[in-house]
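FYI, in this note's numbering the residues of the sequence shown are 4 to 72. Cβ atoms here follow ideal geometry from the backbone N, Cα and C, with glycine treated the same way. For clarity, every value in this text was computed on a predicted model and none was experimentally measured. In what follows, a structure is listed as structure tokens, so that the remarks can point back to it.
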Amino acid sequence: MLGKTLTVTVTGSKSGFTTATKTSAVTVAVAAGVLTAPVPTISGTPTAGSVLTAVPGAWGPAPVTLTYR
Numbered sequence: 004m005l006g007k008t009l010t011v012t013v014t015g016s017k018s019g020f021t022t023a024t025k026t027s028a029v030t031v032a033v034a035a036g037v038l039t040a041p042v043p044t045i046s047g048t049p050t051a052g053s054v055l056t057a058v059p060g061a062w063g064p065a066p067v068t069l070t071y072r
């Protein structure tokens, strides 16, 4: 739907009444969302054979697929 406009149409009915249909105004074009992307941190001692830990921070809106290199 990116780049498209949207409307919604609702129809109501009830026995003994005339059916009514109403349509909303058109929205602006759907824009791309904003992904929260914090700077990751690394902890540990960067020496041969040691283990380092990467902390990606809080990305969102969830769920977000993360890959590490």
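Using CA atoms only, rank isn't needed, just tell me which of the options is closest to residue i.
i, options, result
"V54", "S16, K7, I45", "I45"
"V33", "A23, G60, L9, T22", "L9"
"V58", "G52, Y71, P66", "Y71"
"A35", "T68, L69, L5", "L5"
"V31", "K7, K17, P43", "K7"
Looking only at its own chain, which residues have a Cβ that is under 7 Å from the Cβ of residue i, when we skip the five neighbours before and after it?
i, result
"A40", "W62"
Do you know how far the Cα of residue j is from the Cα of residue i?
i, j, result
"L38", "P64", "7 Å"
"G15", "V29", "20 Å"
"A23", "V11", "14 Å"
Does residue i come out as helix, strand or coil in the three-state DSSP assignment?
i, result
"A35", "coil"
Go through its chain and collect everything with a Cβ distance to residue i's Cβ below 8 Å, but skip five positions before and after it.
i, result
"T56", "I45, S46, G47"
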